[in-house]
Structure formats: C-alpha cells, structure tokens
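Number of protein chains: 2
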Amino acid sequence: MAAAALTAHELIAEHRPTLDQALEAMRTRAYWSPHPEHPKAYGENGSLGMAEGKAAFDALLGGRLDLDQPGTDGWVGGEVSPYGIELGVTYPHADIDTLLPAMRAGQRAWRDAGAETRAVVCLEILKRISDRTHEFALAVMHTSGQAFMMAFQAGGPHAQDRGMEAVAYAYVEQVRTPDTAEWTKPQGKRDPLALTKQFTPVPRGIALLIGCNTFPTWNGYPGLFASLATGNAVLVKPHPRAVLPLALTVEVARKVLAEAGFDPNLVALAAERPGEGIAKTLATRPEIRIIDYTGSTAFGDWLEANARQAQVYTEKAGVNTVIVESTDDYKGMLSNLAFSVSLYSGQMCTTPQNFLVPRAGIPTEEGPKSYDEVVADLARAVDGLLGDDVRANALLGAIVNPDVKARVEAAAGLGEVALASREITNPDFPDAVVRTPVIVKLDGGKPDDQAVYMSECFGPVSFAVAVDSAAEAVELLRRTVREKGAMTVGAYTTSEEVEEAVREACLDEAAQLSLNLTGGVYVNQTAAFSDFHGSGGNPAANAALCDGAFVANRFRVVEIRSEVRAEA
Amino acid sequence: MAAAALTAHELIAEHRPTLDQALEAMRTRAYWSPHPEHPKAYGENGSLGMAEGKAAFDALLGGRLDLDQPGTDGWVGGEVSPYGIELGVTYPHADIDTLLPAMRAGQRAWRDAGAETRAVVCLEILKRISDRTHEFALAVMHTSGQAFMMAFQAGGPHAQDRGMEAVAYAYVEQVRTPDTAEWTKPQGKRDPLALTKQFTPVPRGIALLIGCNTFPTWNGYPGLFASLATGNAVLVKPHPRAVLPLALTVEVARKVLAEAGFDPNLVALAAERPGEGIAKTLATRPEIRIIDYTGSTAFGDWLEANARQAQVYTEKAGVNTVIVESTDDYKGMLSNLAFSVSLYSGQMCTTPQNFLVPRAGIPTEEGPKSYDEVVADLARAVDGLLGDDVRANALLGAIVNPDVKARVEAAAGLGEVALASREITNPDFPDAVVRTPVIVKLDGGKPDDQAVYMSECFGPVSFAVAVDSAAEAVELLRRTVREKGAMTVGAYTTSEEVEEAVREACLDEAAQLSLNLTGGVYVNQTAAFSDFHGSGGNPAANAALCDGAFVANRFRVVEIRSEVRAEA
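Chains as they are written, first to last, in the UniProt record's numbering: chain A, 1 to 568; chain B, 1 to 568.
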C-alpha cells in the first residue's frame, strides 16, 4: 500500500474534538451543530462560496462523473431537474459481479483500522462535503425540487449533521467493549483461571443504501455513515431521479479513503439504466448484509420480507396527524401550520396531512372558533404566507415528479375544497411545476372520507377532518399511527386532560409528538444530536435517526480468547 | 394501587451498587459475578441451603403451581425427569384472549416507573431466585438431565449472571438519552428558538420467551430480563419438558412485581397441553412484539420468516469446529477436549462436534503424532475421564430425550468408531439414560462423510475429520461457519501462520474463537459480563448474549417537545 497522504494520527488530531462534542451533544440533547446553516458562512478556509459552488455545479452539467470504479461497463444518466434543466451528467454503470468482490477486498484493512480511525476518516469525508455545500445544495435542488435555501440547509449542514451523528453513535457503540481484557477467576486454593481476551468489531459485509428522490443526502447519510463507520463497505444505489448528490458523495468518500491509505472501493455507486430496477437484484445478493431504504411502503415491505440475508432499515410512508383542540395563540398556531404544509410543497415524510378539528369548534384566546372558521383561517394563513410569488417560490420549491402533480390535481375531487391549489410561475425556471397546497374538508365519521384520509397522500394535500370530540380525535390518532404509521404528530391544546391523552397515545403507539408549536420550529423539522426522526416503533419506519439500535447490529464483536501461560 | 411493600427507593438503595458493578464489569470484561458458584455458599442470609432446597423441590412434586393468573382455564403438566422421576407438577393453562389483555394492563405504570426502578425490580427478582438456587438447581436437573453440579452452576449463578447482564445492558441503553433536555438554537439578532424536550423509553408490547429443554434458565433469562427491564410484559412459554424452572421464575417475578406495587401480570406463564404446540399461535399474535427463542434451526427460521410483527432473537443449531493442527501441551489439549465433549453428554449448543486433524498428523512437544494416534489418544482421554462411574455420572448427566439417545446409537453406523459410547448406570436414578460420547472417524474429502459432519448431530457425538492440510482445515472451518453457523470455534496450533489464518477466518465469519485451551476453561463455557455467547453474525444465532444490539430494539424512545414560552 502506498504511503497515505492523510495519516490516522493527523485525522484524529483534527477530528477527535468534534467527535467528542458530538458525543456530548447526543448525551445532553442540547443544541449543537458544527455545520453552519447560513450560505454566507462558506467561502473561506477552503470551502466554496456561493459563486464557486455555482461554478462547480455548472461544470458538472453535461459531463461524465468518472469514479474510476472496477467493473464499469457503460455510462448511464438522464436526470431532469424538477426546475426543468436536463443535468446531462452520466455515471458509471457497474457489472455487479465485478464490483462487489472488489468492494470486499479492502474490508480487512478497514476493519483492522479500528473504530476511532474509521470515525475520523468518516468525519474527514463529511468535512470535504461540507466544504462543497454550495455545490451539493444545487445538486440537491436540481434533483429534489427543493427551493435553494432548503436544499442548502437540509441537503447540506443538516444532512451532514445526521451523518456525523451516525458516525458518533457507531463509534461509541463499538468502543463499549474494550479491545482486550485480562480475565482472572479465583479458584480457592488452586491457581486462578486466567484468560487473555481480544474483542474486535467486525463488519457484517457490504451495506446497500437505496436513496430517495426528495432527500438524497439527508435520508441517505445516516445509513451510509453508520455502515461505513462500523467497518462495512457501502454500495450506494441512488434514486434514478436523484443520482448527482449521492454520486458526488461517493466521489468524495473514495478520494478521502484513498488519501487515508484505504481502498476507495469501500464506497461505490450503483447507478442504473432507465427502467433497469436493480434495487431488487442488489438487495437479495448474498454479499449485501445491511440495507438502508427510504421510500414507498410497498417496496419497504418487499425488502423486509425478501432481503432476509440482510439487516433492513426502512423509512416508509405514514399518515401524519395534527390534533387542533384548543389554543391560546390562534394566530401563532395558524402561521406555524401554514408554514408546515407549505414547506417544500408538503413533499416531506414529516409534513402533517390530517388536521383533526372538533366539529363543534375550538376555544381560542380570541374566543370560540367554529370548525369552518378554523379551516377557513388556516386556508387564509396559507394564502397569506404564499401570497407573494417570490416568497412562495422560495418556500414551495418545485413538484418533484408527475405523480405528486397528479395527486394535487385530483385532490379537489376528494371533498369540499377549503383552499384550492394555485399554479405559481418561477421566473428563473419557467418549466418548474410549482403548486400551493390544497386543503380538503372531510368528515371523520364518513366511511368514504375515512378511506381518503387514512391513506398517505404525499405532496401538498391536507385534510381538515371534522371529528365529534377530542376523545374521538385521540382515538383516531391512535388508530392512524397503529395502522398507517406516522413520522410526526402535532397537537394544539390548552387542556391538561387532552394533552395527557395525546401524550399517552403517542407513548403507546411510539409516535414523536410536537405540542403547541406556534413559533419558528415546525413539526416537520428535526435537529440531529437532539431530536429523533421517527421512532422505529410504528409502521412508518422500523428505525429511528439516530439511536443505538440504528448502529448496534451493523457490526458484531468477535472474541478471541486464550490462556495466560505461566512465564517460564 | 395498594401501598407497595417494597419501595423503589429501598430497592435502589439495595441493588444500585450491584448494577454499577455489573456496568463496570461489562466495560472492563474482567471477571466478576455476584452469584456464588459453590453449593455450600448458600444457606445463610435468607438463602436456602442444600437440604432446604431439596425439601422445597420435593414439596413441589405432585402439586399444583398456582400462579393466580387471569384466564386460567385448566391445569396442565406431565414432565418426566431424564432421571426417571415423574414430577407430577401441574401449571395453569391460559386462555390467551384473556391473559394477553391482562398483561397489557400494567404496562403504563411499569413504563412510567423508569429505567432505574425497572432495573432494580429485576435485580430483586434475581436475588430471590438466587436465594432459592438449590431448589432451582434440582428443577433444572430434573428437566434438562444435567448432573447436579452443572444444573446448580449453569442453571443457578451462571443463569442469574446472564440475566443480570441483560438488565445492566437494558438499563444503560435506556439512559443514554436524558429524560429531558432544553434545546436553544441561536438565531442571530432574533430571539433564539427554545424547546423543552422529554424523552421516554417505551416498550414494544408483550415479549414472548420460548424456552428450551436443555438450559431453561441460562438461555431463558437474558431475553426475559432484557424485555422486562425495557418495559415490556413477558409471556414465558416453556419447553413442555422443562416447565418447572421457568414456572418458578414466573412465580418469583410475579411476587416481586406485586410487592413493588406493579401488576404481577407483567410476567405470565403459557404452559401447554401435550401436543398443543402453542408457540406458533403465540408467536404470530399481534400483541407479541418481541420473541426470544432457543432451539432448532427449523423453528427458528420459521419464526424469523413468519413472526414479522415482532423483533425475533434466535439461537439455533450450529456445527462447532475444533482445528487440531499442533500443540506444545498434548496432554493438556487432550484432557481439555475430553472434558468438552463429555460435559452434559455433549448436549450443549457450544459443544465441539468436528475435530479437524491433518491426515499427516500433528507436531507436539512429545514428537509427531499421526492422525490415528491423535484420535486414539483423544478417545483414551475421554475413557480415562469417564472411567470411574461416579465421576462419569457427575459429568455426563442424563440424556435429555429419546432423539438424542437415538442419535448416539446411530452414530456407530456413520463411520469407523474410534470410541464407542458406553451405557452407564446411575445408582441413584436407575431409569436415567446415561451415555458416554462416541467418536467417529470421517474423511474430510469424502462427499458421504461431508454430508455427515456438515450437519449438527446434537448430543455426545463427535467426528474426527481427517483433512489434507491446515489450509484445508481453515477453509473447511470457514465453510462450516458460513453455511451451518457455529456457537464456538476452537483451535490448537503453535504456528503463528496457522493461528493467523484461523483468527482471520473467525473474524471474517463472525465466530467466537478459543485458542489453545489446555487448562480449566473449556470452549463450551462462557462467562457473563466478559464473554459473548455466540456472535449474532453467523447462521447459528442472530443475536449475541449480551450486547447493545440485544437490548436496543426492545424499546423505542418517544420524544415530546414543546416551546419554551416567555415568562409573563
């Protein structure tokens, strides 16, 4: 092996303090992030500024991203930005029978490097990605359809935070058992029994990351870095419409691994031809021992049932509920909820879908509001928030794909429309499909309506569901989470009794609850090192980002013990 | 709820120091156990001595163990000791549709008690069991067929150690996240965003423990206590031939729970009628969210494939290999191996089955030994160890069931017999079936022989497999672990190169390795707080006892967050 340009010693010196801060943040769950959220924070100390990031992104367009991977048997690509640009980037297509064995070749050295070195190599990868945040932001924007600022923050620092969190959890899990131990058991008057024991975290094999279209980096980094930090090689299979952000990630990872003296093939890309559908083939290969997946319930369930040789971590669909029972900050509630349903046109797994409102209305500090008033006021709040096209475009981004567009258009037929979806023009990107949210009134007790609101309607579609009482709302919440899953639950209430009932429902059904949010924090947002994303305990996801369970089964500990021999 | 006889405060005062010692032992992996191994250590400070334990056991025989469980619809039982005694104990048979809802009733209070209180209640249960170790020893002896001393140690202190280890892992996993956190995110010149967050470990639901015949307590306690300590109710479904030890465990647990002010129905027994086969029914009930199972590969695989609503932890069959390549302590090696194959008539999931010996022989400090000599000397060592009937009975115990007896008898037909199995009479229990181990010579390269040694032959049957070289032995070891799984691997070698190759094989295939054991530690034994039992990374088991992964997914953390409101 050639002398490494980056030594473990240097990397530890540079990144160990950050790792320790991450571990401390996870312990206290106080606010912490090493990755700046403001675009202007970049451009110095080796990081790309806005213009440089734009230039770097533009230079990628129409070109070939050659990752120098073994078994490359062609070039594929065909991403079209939801903003209308053809990216024109092509990526290596892999002969899997060549690539997978090549990925295994470097695993022994990666395993023997130990948990700390793996952690700091991962942090160096994240550092290089962070330096290119402006470039990544444009890659995320033009594959997911997120507006620039969201693509920048969620696709950049927040995704990097989630990756680092996974590295920190993986590190601390591996060092819970010492490398070696001396075990001496007294035997009364006889000599004690004495053993020397060595404990080595070993990887499961090759991990497969199946990326998603809407949050390629944010949803992809936890699994990628958790697997890599625990010694596994990682094969990245991006969504065909969102290849670029993960391909760039693979490029950075391969470069850093090589510079640190490891085999770059520990991380590789599996891009596919249109309609090739390689995920099923890859997921059931015997070499693949870990799978991380974000996407549809149907395919997530298929993976759990069929990829039996692997540990499978899935984030699937859910139906998110907000109970609106009472409030002492009616305007704050409305503007908070209006933002929640508008952000990225509701194309988040955490966006609220069903607003459960008592049909008798709700008490507020402005006096009682009828069900109709609440719904009309929410509609007005959304309208107000999105009344200015510049702000609307900055919040909504673009509709990610034709399926979402079709759902928005069909929503008006599902019930009485309280707020119609509007088309908005994006002057910078005239081909972008931009739509404001639609709000439809439904009756909680009607079977036909129930069939509508008990299914996930991914995109900017919300249902204002009239219910008989707070108790019915809580019961419906319970049933929704149990049967359909939920990534988030929200509730507005000034009643201790109702609050307690909602809390109990969420504790019983393992749903993450945001109570009475009226300010600048939204139910759809979670912060790494503090908030859990999903619970792993309801049908929406079988894992939470990030906790011990997310990392502990990605490696196993092998013990080698031998007798301590008496010295001659 | 009635005033509790045991307060959490008292239990914490009593057991917290032990919990802390357990946590420290798990961190250092040095020797530690709070449970004395010597039968004479009992009889004071409230624990039963030998005669009292015998009297307590005798008082159980022919009686009804009434656990006062809801939904009891009859009485079942029919255990016959492998030593020939009919136990005549009857147990409640449960109407599951009544019992399961009753088990859920107490879960909220158990959840709200928090991780520390749950841990110390579990430790109190273990303390009460420890006090009755002599009684439990006889219950284990007369269900598993283990000899008294082994039933005492493995069924008593070692099982209690494994239970406590699971409690300690469960505790520390739950307190990695604080109960509450204040999260304050700076917003430049604007007011910071501030949230109060509560984090609550919540149970998955009801856990099912499916017990085994040979080690009802040792293999049962880790899952039982890991699930209970993480807030789940636990339904114990014992093996029909080994009900008593787990029924007594359930009795103790129910009593302690009630005394501590919790619902005793958090732990319940599901005994079954002969041939009822309720495990499949229970395992697929929606209320059952966790399953711990020790037993056949066929049923373990069935559980993994069909109990999809549950987290399934299985210990199944494996084929354990010992490579005998060279040694500098030939006699020590032979006597160590002779003990390993004799202990409990080889009826351990950790007993070595295949001895791989180069056909050209092995170097030793006594000079070279041919393959035939090694096998003959091993046979002689076993004969010597078991030459005295009293000692033989004390080591072998009794054959647990007719299947094992049939396998021993059939073994002579599998190849050239190097050591024939002998019948031994147990003067105290004339009906006990006692057999010494059989050793059969096989050829590693012959397909017919391969079919024999590549299958688990549970019981006192070992194969001395002639191989062409050390390299072939290592390759065969790899293949055996990969295809059949292994709970243990042993190796004897003085060659650094061979040792390295064996180490690499075990690291690659996730197998636990004991090297050159020649003294009083045996490949089939592991010590809680220090050794891992299984790796969870090969087909023999999907979990290791005990590690973070064994506990981390038995609960989920629910976060409830709300805004910090400015003070009025």
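The C-beta atom is built at its ideal place from N, Cα and C for all residues, glycine as well.
Quick caveat: nothing in here was measured; it's all calculated off a predicted structure.
- prompt: Does the beta carbon of P178(B) come closer than 8 Å to any beta carbon on chain A?
  reply: As a working mapping, residue 178(B) is identified with position 178 in the second sequence. At least one chain A Cβ lies under 8 Å of P178(B).
- request: Output, in sequence order along the chain, the residues in the region 505-518 of chain A whose CB is closer than 8 Å to any CB in chain B.
  value: Residues of the region 505-518 of chain A with a C-beta atom less than 8 Å from some C-beta of chain B are C506, L507, D508, A510, A511, Q512, L513, S514, L515, N516, L517 and T518, listed in chain order.
Between the CA atoms of E325(A) and G490(A) - distance to the nearest angstrom: As a first step, residue 490(A) must be located in the first sequence, where it is residue number 490. As a first step, residue 325(A) must be located in the first sequence, where it is residue number 325. Rounded to the nearest angstrom, the gap between the Cα atoms of G490(A) and E325(A) is 11 Å.
message: Using 8 Å as the threshold, is the C-beta distance between H382(A) and P352(A) below it?
response: The residue given as residue 382(A) occupies position 382 in the first sequence. The residue given as residue 352(A) occupies position 352 in the first sequence. In the sequence as presented, His is not what sits at residue 382(A); that position holds Val. In this structure, P352(A) does not lie closer than 8 Å to V382(A) by Cβ.
Nearest candidate by alpha-carbon position, reference R478(A), set G318(A), G397(A), F532(A) and A528(A): What you label residue 478(A) is simply residue 478 of the first sequence in a count that begins at 1. Taking each of G318(A), G397(A), F532(A) and A528(A) in turn and checking the Cα distance to R478(A), the smallest one comes out for G318(A).
field: Members of the region 518-538 of chain A near chain B, C-beta cut-off 8 Å
entry: Those would be T518, G519, G520, V521, A527, S530, D531, F532, S535, G536 and G537, in chain order.
task: With a 10 Å radius around its C-beta and 16 neighbouring C-beta atoms as the bar for buried, classify P92(B) as buried or exposed.
output: If you number the second sequence from 1, residue 92(B) lands on position 92. By the neighbour-count criterion, in which 16 or more other beta carbons inside 10 Å mark a residue as buried, P92(B) falls on the buried side.
field: W218(B) (DSSP reduced to helix, strand or coil)
entry: For the purposes of this step, residue 218(B) is taken as the residue at position 218 of the second sequence. The three-state reading of DSSP puts W218(B) in coil, since its state is none of H, G, I, E or B.
query: For A226(B) versus R27(B), is the C-beta spacing smaller than 8 Å?
result: Indexing the second sequence from 1 puts residue 226(B) at position 226. Indexing the second sequence from 1 puts residue 27(B) at position 27. Note that the C-beta distance between A226(B) and R27(B) is not below 8 Å.
- prompt: Looking only at DSSP bridge pairs, what is G534(A) linked to?
  reply: Translated into positions along the first sequence, residue 534(A) becomes position 534. The partner list for G534(A) (beta bridge, DSSP) is empty, contrary to what the question assumes.
Contacting residues, own chain, Cβ-Cβ under 6 Å from N336(A) (five flanking each side not counted): Counting from 1 along the first sequence, the entry for residue 336(A) is found at position 336. L517 and T518.
query: Sorted by chain position, which residues of the same chain lie with C-beta nearer than 7 Å to T294(A)'s C-beta, five sequence neighbours on each side aside?
result: Locating residue 294(A) in the first sequence gives position 294, counting from the first residue. Cβ neighbours of T294(A) beyond the five flanking positions: C212, N219 and E315.
query: For the candidate residues C122(B), L209(B), L282(B) and D431(B), whose alpha-carbon lies nearest to that of E14(B)?
result: Within the second sequence, numbered from 1, the residue matching residue 14(B) stands at position 14. The residue with the shortest Cα to Cα distance from E14(B) is C122(B).
- request: Identify every residue that forms a DSSP beta bridge with G490(A).
  value: Mapped onto the first sequence, residue 490(A) falls at position 490. In the DSSP assignment, G490(A) forms a beta bridge with V322(A) and S514(A).
task: With 8 Å as the threshold, decide whether the Cβ of G548(B) is near any Cβ in chain A.
output: The count along the second sequence starts at 1 and reaches residue 548(B) at position 548. Interface residue, yes.
- request: Grab me the residues of T98(A)'s own chain with a C-beta within less than 6 Å of its C-beta, minus the 5 sequence neighbours each way, in chain order.
  value: For the purposes of this step, residue 98(A) is taken as residue 98 along the first sequence, with counting starting at 1. In its chain, beyond the 5 residues on either side, P70 and G71 have a beta carbon closer than 6 Å to the beta carbon of T98(A).
message: Quick check: the Cα distance between Y492(A) and T18(A), rounded to an integer number of angstroms?
response: As a first step, residue 492(A) must be located in the first sequence, where it is residue number 492. As a first step, residue 18(A) must be located in the first sequence, where it is residue number 18. Their backbone Cα atoms lie some 38 Å apart in a straight line.
- request: Check the Cβ-Cβ distances between S227(A) and every residue of chain B, and say whether any is below 8 Å.
  value: The sequence position of residue 227(A) within the first sequence is 227, counting from 1. The Cβ of S227(A) sits no closer than 8 Å to any Cβ of chain B.
query: Looking at the unbroken alpha helix (DSSP H) that takes in E559(B), where does it start and where does it end?
result: Mapped onto the second sequence, residue 559(B) falls at position 559. Element bounds for E559(B): not the alpha helix (DSSP H) but the beta strand (DSSP E), F555 to E563.
Residue-level contact to chain A via CB, residue 569(B), 8 Å cutoff: Absent from the structure is residue 569(B), since the part of chain B shown begins at 1 and ends at 568.
message: Counting only beta-carbon separations shorter than 8 Å, does Y31(B) have a partner in chain A?
response: Numbered from 1 along the second sequence, position 31 holds the residue referred to as residue 31(B). At a cut-off of 8 Å, the C-beta of Y31(B) has a neighbouring C-beta in chain A.
query: In chain order, what residues of the same chain lie with their CB nearer than 8 Å to the CB of A418(A), ignoring the 5 residues before and after it?
result: Numbered from 1 along the first sequence, position 418 holds the residue referred to as residue 418(A). In its chain, beyond the 5 residues on either side, V375, A376, L378, A379, I439, V440, K441 and A464 have a beta carbon closer than 8 Å to the beta carbon of A418(A).
field: Per-residue contacts from K185(B) into chain A (C-beta, under 7 Å)
entry: Residue 185(B) sits at position 185 when you count from the first residue of the second sequence. Correct list: Y31.
- request: Would you kindly work out how many angstroms separate the C-alpha atoms of W75(B) and V243(B), rounded to a whole number?
  value: Locating residue 75(B) in the second sequence gives position 75, where the first residue counts as 1. Locating residue 243(B) in the second sequence gives position 243, where the first residue counts as 1. Rounded to whole angstroms, W75(B) and V243(B) show a C-alpha spacing of 13 Å.
query: Between S335(B) and chain A, is there a C-beta pair that is closer than 8 Å?
result: Here residue 335(B) corresponds to residue number 335 of the second sequence, with the count starting at 1. For S335(B), the answer is no, since every Cβ of chain A falls outside 8 Å of its Cβ.
task: Note down, in chain order, every chain B residue with its Cβ under 9 Å from the Cβ of K197(A).
output: Stepping through the first sequence from its first residue, residue 197(A) is reached at position 197. By Cβ distance, chain B contributes R29, S530 and D531.
- prompt: Can you tell which of A194(B), G445(B) and V250(B) has its C-alpha closest to the C-alpha of F136(B)?
  reply: Residue numbering aside, residue 136(B) sits at position 136 when the second sequence is read from its first letter. Of all alpha-carbon atoms in A194(B), G445(B) and V250(B), the one lying nearest the alpha-carbon of F136(B) is that of V250(B).
query: Tell me, which residues are paired with I206(A) by DSSP?
result: Here residue 206(A) corresponds to residue number 206 of the first sequence, with the count starting at 1. Under DSSP, I206(A) forms a beta bridge with A233(A) and I288(A).
- prompt: chain A beta carbons: is any one of them nearer than 8 Å to that of L193(B)?
  reply: What you label residue 193(B) is simply residue 193 of the second sequence in a count that begins at 1. Taking Cβ atoms only, chain A reaches closer than 8 Å to L193(B), which makes this a yes.
message: Would Y169(B) and E116(B) be called neighbours here (beta carbons separated by less than 8 Å)?
response: Within the second sequence, residue 169(B) is the residue found at index 169, counting from 1. Within the second sequence, residue 116(B) is the residue found at index 116, counting from 1. Between Y169(B) and E116(B), the C-beta gap is not smaller than 8 Å, which leaves the two residues out of contact.
query: Counting along the chain, where does the alpha helix (DSSP H) carrying I129(A) start and finish?
result: For the purposes of this step, residue 129(A) is taken as the residue at position 129 of the first sequence. Annotation for I129(A): the continuous alpha helix (DSSP H) segment containing it runs A115 to D131.
Cutoff 8 Å: T200(A) Cβ touching any chain B Cβ: Position 200 of the first sequence, counted from the first residue, corresponds to residue 200(A). Judged by the 8 Å Cβ criterion, T200(A) is in contact with chain B.
field: Whole-angstrom distance between E483(A) and S455(A), CA atom to CA atom
entry: As a position in the first sequence, residue 455(A) is number 455, starting the count at 1. As a position in the first sequence, residue 483(A) is number 483, starting the count at 1. Taking the straight line from one Cα to the other gives about 10 Å.
query: Helix, strand or coil for I278(B) per DSSP?
result: Sequence index remark: in the second sequence, residue 278(B) carries index 278 (1-based). In the structure shown, the three-state DSSP call for I278(B) is helix.
message: If you reduce the DSSP assignment to three classes, tell me which class W32(B) lands in.
response: Position 32 of the second sequence, counted from the start, is the residue given in the question as residue 32(B). If DSSP states are grouped into helix, strand and coil, W32(B) belongs with coil.
- prompt: Identify the residues that DSSP records as bridge partners of D443(A): which are they?
  reply: Numbered from its first residue, the first sequence carries residue 443(A) at position 443. For D443(A), which the question treats as bridged, DSSP gives the partners A466(A).
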